[in-house]
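One structure is given here, and the rest of the page talks about it.
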Amino acid sequence: MDDAKARRRIDALLATARHPNTSPAVAQAYLAKAAELRIRYNVDPDAAHHCPGTGPDTKDAGVSWWDFHVPDTGGRGAACAAGLAYVIDACGGMSVRGRARSAGGYQVTVVAAEGAMALIRELVPVVLEQMHRRAVAECRRWRAERYGGATDAEARRWREDYVRAFGFGLAEQINTGNRDLVAEGEAGRAAGMVLAADRTRVQAAYRRRYGGRVRTVPAHGARHAQALEAGRRDGRTSAPHTRSGA
Numbered sequence: 001m002d003d004a005k006a007r008r009r010i011d012a013l014l015a016t017a018r019h020p021n022t023s024p025a026v027a028q029a030y031l032a033k034a035a036e037l038r039i040r041y042n043v044d045p046d047a048a049h050h051c052p053g054t055g056p057d058t059k060d061a062g063v064s065w066w067d068f069h070v071p072d073t074g075g076r077g078a079a080c081a082a083g084l085a086y087v088i089d090a091c092g093g094m095s096v097r098g099r100a101r102s103a104g105g106y107q108v109t110v111v112a113a114e115g116a117m118a119l120i121r122e123l124v125p126v127v128l129e130q131m132h133r134r135a136v137a138e139c140r141r142w143r144a145e146r147y148g149g150a151t152d153a154e155a156r157r158w159r160e161d162y163v164r165a166f167g168f169g170l171a172e173q174i175n176t177g178n179r180d181l182v183a184e185g186e187a188g189r190a191a192g193m194v195l196a197a198d199r200t201r202v203q204a205a206y207r208r209r210y211g212g213r214v215r216t217v218p219a220h221g222a223r224h225a226q227a228l229e230a231g232r233r234d235g236r237t238s239a240p241h242t243r244s245g246a
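Following UniProt numbering, the numbering of the sequence shown begins with 1 at its first residue and continues without gaps.
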C-alpha cells in the first residue's frame, strides 16, 4: 500500500468512526486501526485530518490535550465530571478536574492519543446532555414512588449518584466492546496493541505535566442504591454516539 492509498484508507476509517450513527465500541476499533496504519506507513497526522488540540508543551507525537467546561447545572457539575472520567478512561484518555468551581462550573483537562481524542470530543457533549436529562427524569420518578416524598437535598444527592453511575455504566459498555474487539483474531490483537501503546504514551505525557504517579479512576460509591442501579443500567444501554439516542 503506497502513502496516498494509506492516507485514503485512514481518512475513510476516521470518517466512519466519527459518523453519528457509529457506536462507541466500533468507533474505538476504527480509530485504533487508523492509528495502526499511521504508524505502519509513517503517515503525517496532518495529512489524515488529525484532531486539533495538540498542546505545544507536549513532547509526544500524536498526543493531544483538550480543556472543556462542565456546567454546574443543578449542582451536578462535579458529579458529571466524575462520571465523564470513567468514560474518558475507557476511551484510553486521562482527565483532571480543576479543584475550584468557576464560571458556573468546572474546567476539565483531557490528555489522549489523537484518535481517541476525536472520539472523546464527540462523546462528551452528548453524554453530558444525557446525564442531565435522564438524571432529572429518573429522580422525578423516584420521588413520585417514594412514600413520604424526599427532600430537595436528598433528591440532589440522588441525581449526583445517578450521573456518576451513568458514566461508570457507559465505561463498562465501551470496555466490553474493547475486549470483544481484542478477542477477534489477529486484527483485534493488533488494535489492542495500538490501544495499549497509546495509553502508555498518554500516561507519560500526563506525568510530565502533573508529575508523580499516574492517578487511576477510583471506584464509585453511592448513597442511594436505586440511583446506582438506574444510572449504571442506563449507561450500559445508552447509545451516546447519536444525539437522538435513548
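Heads up, the beta-carbon is just placed ideally off N, CA and C, and yes, glycines get one too.
Here the structure is a predicted model, which means the values were calculated and not measured.
- In this structure, Val127 places its C-beta atom within 9 Å of the C-beta atom of Val87.
- Within the same chain, Cβ atoms closer than 7 Å to the Cβ of Gly169 are found at Gly231, Arg232, Arg233, Asp234, Gly235, Arg236, the five residues on either side in sequence being excluded.
- Going by DSSP, Pro125 is part of no beta strand (DSSP E) but of the alpha helix (DSSP H) stretching over 114-145.
- C-alpha of Gln203 to C-alpha of Met94: approximately 8 Å in a straight line.
- Looking at the DSSP output, His69 shares a beta bridge with Gln107.
- Under the DSSP assignment, Arg97 falls in the beta strand (DSSP E) whose first and last residues are 94-97.
- By the C-beta density criterion, Pro240 is buried, having at least 16 other C-beta atoms within 10 angstroms.
- By DSSP's assignment, Ser23 forms no beta bridge with any residue.
- Nearest C-alpha to Ala6 among His224, Tyr41, Ala227, Gly77: Tyr41.
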